[in-house]
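Below: the structure, in structure tokens.
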Amino acid sequence: MTEQIKNNTQKKYRVGVEVALEVMGGKWKPLIIYHLMSGRKRTSELRRLMPEITQKMLTTQLRSLEKDEIVTRKVFNEVPPKVEYDLTDYGWGLKPALDLLCYWGEVC
């Protein structure tokens, strides 16, 4: 998967941390991934968990995570429309890194 990300961009990565930051860098992506680790969520649930994020930013970040195959988007054929996001197996691979960040944030 890392190779796919490297090949889907014009950027040249020199070290692995550059790829990791490309996928999960920024203020919101790690938080979205963290909240999805407790189970699939609808957009409205993620907004409640992160009240400071705008709808536009949440949508942008979710689309980016979906493009990088970190999350899946499931659309239900019902009215009103229902969409849920969940981590892929690849997304679950970020759990150890996020666990370390959470631990570091609590002890520092």
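In the UniProt record's numbering, the protein residues as written are 1 to 108. All C-beta atoms, glycine included, are put in the ideal place defined by N, C-alpha and C. The structure presented is a predicted model; accordingly, all values stated were derived computationally and were not measured.
7 Å CB neighbourhood of residue i in its chain, flanking five on each side removed
i, result
"residue 88", "69, 70, 71, 72"
Nearest residue (CA-CA) to residue i, options the options
i, options, result
"residue 64", "13, 15, 33", "33"
"residue 35", "84, 14, 15, 13", "84"
"residue 29", "91, 103, 105, 100", "91"
Residues of its chain near residue i, where Cβ-Cβ distance is below 6 Å and the 5 sequence neighbours each way are ignored
i, result
"residue 27", "none"
"residue 86", "40, 72"
"residue 66", "73"
Cutoff 8 Å; reference residue i; Cβ partners in own chain excluding five residues on either side
i, result
"residue 82", "42, 75, 76"
"residue 50", "28, 31, 32, 35, 58"
Counterpart residues of residue i in DSSP-defined beta bridges
i, result
"residue 86", "72"
"residue 48", "Residue 48 is not bridged to any residue."
"residue 41", "85"
Q: Identify every run of the alpha helix (DSSP H) within the segment 50 to 77, keeping only runs that are complete inside it and at least 4 residues long; order them along the chain.
A: 55 to 67
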